[in-house]
DNA sequence: GTCTATAGGAAGATAGAC
DNA sequence: GTCTATCTTCCTATAGAC
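Residue numbers (this note's numbering), protein chains in the order written: chain A, 439 to 634; chain B, 439 to 634.
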């Protein structure tokens with residue numbers, strides 16, 4: 439067993455924990471499963487982290503900061519076309535990595551149940567909301583439009599639609615229905631856009 | 439310890455499990471926590487249920503069948519008013535019992551990770567979709583309107599909005615923002631309603 | 001047919017060896 | 001400063017007593 443610094447160990451453990459969660463789910467992500475995955479001695483775990491909860495805190499922070507804003511890929515065409523293709527570009531990322539998205543929902547539920555992590559769940563969520571707001575904002579600028587609905591309201595509503603669709607698709611994997619609902623959301627968004 | 443029939447024990451255990459889940463979360467709902475809550479001897483557990491998974495199957499079925507369709511409470515006024523007050527009547531139920539709704543999300547995630555229960559999660563979800571469809575249908579009849587959006591698409595989109603809003607509100611408990619987003623969904627719904 | 005007693009193992013955490 | 005060996009607790013499940 440090579441002896442590494444606590445910082446290097448922490449890094450290995452966080453990344454290993456994420457891999458285990460994606461593979462087996464948050465509930466099965468035990469300290470032992472993590473150290474095995476990372477090929478780190480079990481004892482090193484509680485030398486690097488005060489507790490399992492502290493590891494999970496690092497994991498949530500790491501995953502949250504990795505979440506990317508949707509990218510406006512084809513800024514040409516009608517507002518509906520642009521909105522639709524941007525939403526589908528986001529959706530393709532969900533479809534490519536279902537397990538990773540599944541994990542974010544599990545982590546949120548987990549965090550809500552741990553007194554020490556509930557605040558982190560709120561922070562994570564505020565981050566997603568601000569990403570969504572920024573995305574709607576930059577889309578409006580790219581399209582030369584403004585939204586007729588208050589931005590915070592539109593952002594929360596939109597985040598809900600995407601969260602809900604993702605959750606539902608993770609369960610039934612119905613691509614056709616998810617795509618149709620996403621198109622309907624795109625149609626809605628273009629209906630609340632007016633030239634600015 | 440009174441000796442009761444296996445059927446009575448099963449009933450006690452399912453209801454006790456639901457109480458424990460609401461109080462402590464699905465992850466902490468161990469067989470021991472359930473038998474303690476039900477005041478049932480530990481050994482009786484595996485006499486009534488082959489495994490913990492079999493208990494959870496019963497719990498999911500029980501909770502799914504308890505889910506009620508939204509009720510159209512004030513079938514007078516503009517379509518927007520009726521839709522809005524119906525959505526808010528549903529929302530009030532969520533706000534009154536946050537823990538119960540939290541549990542349904544946890545159970546779904548849990549079921550998706552258990553090979554033997556994944557199908558049940560899908561079935562549960564189809565049930566929610568059909569409730570939502572029936573609700574949109576009866577609302578259209580009550581209002582004398584028809585929806586300009588394909589019903590299955592509208593139902594999935596609507597279920598996503600409600601699922602997403604619920605999930606988000608369970609995290610930040612922001613009543614004002616949730617209410618505003620719900621109003622926006624009501625406005626959207628009334629915008630896809632035309633006299634029939 | 002119902003439940004007591006216990007098996008058998010995996011969990012998170014720590015004292016102290018190197 | 002890093003990790004080995006071990007403690008304690010809690011888990012699901014079962015064999016067999018009543």
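Cβ coordinates follow ideal geometry from the N, Cα and C atoms, glycine included.
Query raised in the report: Going along the chain, which residues of the stretch 579 to 594 of chain A sit with their C-beta nearer than 8 Å to a C-beta in chain B?
Result: Cβ contacts with chain B: 587, 588, 590, 591, 592 and 594.
Query raised in the report: Along the chain, where does the beta strand (DSSP E) that runs through residue 584/B open and close?
Result: Position 146 of the second chain, counting from 1, holds the residue named residue 584/B. Looking at the DSSP string, the run of the beta strand (DSSP E) that includes residue 584/B is 583 to 585.
Query raised in the report: Between which two residues does the beta strand (DSSP E) harbouring residue 454/B extend?
Result: Indexing the second chain from 1 puts residue 454/B at position 16. Where residue 454/B is concerned, there is no enclosing beta strand (DSSP E), although the alpha helix (DSSP H) it sits in stretches over 444 to 462.
**Report entry** Neighbourhood of residue 475/B by C-beta, 7 Å cutoff - its chain only, sequence neighbours within 5 removed
**Finding:** For the purposes of this step, residue 475/B is taken as the residue at position 37 of the second chain. Result list for residue 475/B: 454, 457 and 458, in chain order.
Query raised in the report: Rounded to whole angstroms, how far is the Cβ of residue 603/B from the Cβ of residue 619/B, which I believe are closer than 8 Å?
Result: Taking the second chain and counting its residues from 1, one reaches residue 603/B at position 165. Taking the second chain and counting its residues from 1, one reaches residue 619/B at position 181. The C-beta distance from residue 603/B to residue 619/B rounds to 6 Å, short enough to fall under 8 Å.
Query raised in the report: Is the Cβ-Cβ distance between residue 609/A and residue 502/B less than 8 Å?
Result: Stepping through the first chain from its first residue, residue 609/A is reached at position 171. Stepping through the second chain from its first residue, residue 502/B is reached at position 64. By the CB criterion at 8 Å, residue 609/A and residue 502/B fall outside the cutoff.
Report task. Measure the C-alpha to C-alpha separation of residue 607/B and residue 442/A and round it to an integer number of angstroms. Result -> Numbered from its first residue, the second chain carries residue 607/B at position 169. Numbered from its first residue, the first chain carries residue 442/A at position 4. When rounded, the distance between both Cα atoms is 43 Å.
Report task. From the DSSP output, in three-state form, read off residue 418/B for me. Result -> The displayed coordinates of chain B run from 439 to 634. Any statement about residue 418/B would go beyond what the structure contains.
Query raised in the report: Can a CB atom of chain B be found closer than 8 Å to the CB of residue 547/A?
Result: Walking along the first chain from the start, residue 547/A turns up at place 109. By this cut-off, residue 547/A is an interface position.
Report task. Verify the CB distance criterion: does residue 570/A have a CB-CB separation below 8 Å to chain B? Result -> Taking the first chain and counting its residues from 1, the one referred to as residue 570/A is at position 132. Any Cβ of chain B closer than 8 Å to the Cβ of residue 570/A would place that residue at the interface, and such an atom is absent.
Query - Runs of alpha helix (DSSP H) wholly within the stretch 510 to 539 of chain A (minimum 4 residues, chain order) - result: Fully contained in the stretch 510 to 539 of chain A are the following alpha helix (DSSP H) runs of length 4 or more, in chain order: 517 to 534.
Report task. Give a yes or no on whether 8 Å exceeds the smallest Cβ distance from residue 602/A to chain B. Result -> In the first chain, residue 602/A corresponds to position 164, counting from 1. Yes - at least one Cβ of chain B is within 8 Å of the one on residue 602/A.
**Report entry** Nearest-angstrom Cα separation, counted from residue 551/B out to residue 624/A
**Finding:** Residue mapping note: residue 624/A aligns to position 186 of the first chain, counting from 1. Residue mapping note: residue 551/B aligns to position 113 of the second chain, counting from 1. Going by C-alpha positions, residue 624/A is about 31 Å away from residue 551/B.
Report task. Please work out which residues of its chain come closer than 6 Å, Cβ to Cβ, to residue 540/B, disregarding the five sequence neighbours upstream and downstream, and give them in chain order. Result -> As a first step, residue 540/B must be located in the second chain, where it is residue number 102. Only 608 meet the Cβ criterion.
Requested in this report: Grab the span of the alpha helix (DSSP H) containing residue 552/A for me, first residue to last.
Outcome: Residue 552/A sits at position 114 when you count from the first residue of the first chain. Per DSSP, residue 552/A lies in no alpha helix (DSSP H) segment and is marked neither H nor E.
Requested in this report: Would you check if there are 3 or more beta carbon pairs closer than 8 Å linking the stretch 467 to 484 of chain A to the stretch 516 to 526 of chain A?
Outcome: In this structure the stretch 467 to 484 of chain A does not lie against the stretch 516 to 526 of chain A, because fewer than three pairs of beta carbons, one per stretch, are closer than 8 Å.
Requested in this report: May I ask you to report which of helix, strand or coil DSSP gives residue 478/B?
Outcome: In the second chain, counting from the first residue as 1, residue 478/B sits at position 40. Of the three classes helix, strand and coil, the one that applies to residue 478/B here is coil, per DSSP.
Query - Euclidean distance between Cα positions of residue 582/A and residue 594/B - result: For the purposes of this step, residue 582/A is identified with residue 144 of the first chain, where counting begins at 1. For the purposes of this step, residue 594/B is identified with residue 156 of the second chain, where counting begins at 1. In a straight line, the C-alpha of residue 582/A is about 31 Å away from that of residue 594/B.
Report task. Under 8 Å by Cβ, that's how I've got residue 626/B and residue 626/A pegged, so tell me the actual separation to the nearest angstrom. Result -> Residue mapping note: residue 626/B aligns to position 188 of the second chain, counting from 1. Residue mapping note: residue 626/A aligns to position 188 of the first chain, counting from 1. About 6 Å; that satisfies the 8 Å criterion.
Query raised in the report: At a CB-CB cut-off below 7 Å, which residues of chain B make contact with residue 463/A?
Result: Here the question's residue 463/A lines up with position 25 in the first chain. Within chain B, the residues near residue 463/A are 551.
Report task. Confirm, please, whether the CB-CB distance from residue 486/A to residue 527/A is below 8 Å. Result -> Numbered from 1 along the first chain, position 89 holds the residue referred to as residue 527/A. Numbered from 1 along the first chain, position 48 holds the residue referred to as residue 486/A. With a cutoff of 8 Å on beta-carbon distance, residue 527/A and residue 486/A are scored as not near each other.
Query raised in the report: DSSP state of residue 571/B, grouped into three classes?
Result: Here residue 571/B is taken as the residue at index 133 of the second chain, counted from 1. Looking at residue 571/B - three-state DSSP - the assignment turns out to be helix.
Requested in this report: Find out if the Cβ-Cβ distance for the pair residue 634/B, residue 584/B is shorter than 8 Å.
Outcome: Start at 1 with the first residue of the second chain, and residue 634/B comes out as number 196. Start at 1 with the first residue of the second chain, and residue 584/B comes out as number 146. In this structure, the beta-carbon distance from residue 634/B to residue 584/B falls below 8 Å.
Query raised in the report: Buried or exposed: residue 534/B, going by 16 or more other Cβ atoms within 10 Å of its Cβ?
Result: For the purposes of this step, residue 534/B is taken as residue 96 along the second chain, with counting starting at 1. Residue 534/B is exposed by the Cβ-count criterion.
Report task. Would you mind giving the Cβ-Cβ distance between residue 591/A and residue 622/B, rounded to the nearest angstrom? I have them listed as a contact below 8 Å. Result -> Along the first chain, one-based indexing puts residue 591/A at 153. Along the second chain, one-based indexing puts residue 622/B at 184. Confirmed, about 5 Å.
Requested in this report: Could you list which residues in chain B have their beta carbon closer than 7 Å to that of residue 610/A, in chain order?
Outcome: In the first chain, residue 610/A corresponds to position 172, counting from 1. Here the neighbours are 560 and 563.
**Report entry** Beta-carbon gap between residue 452/B and residue 500/B smaller than 8 Å
**Finding:** Position 14 of the second chain holds residue 452/B. Position 62 of the second chain holds residue 500/B. Closer than 8 Å, so yes.
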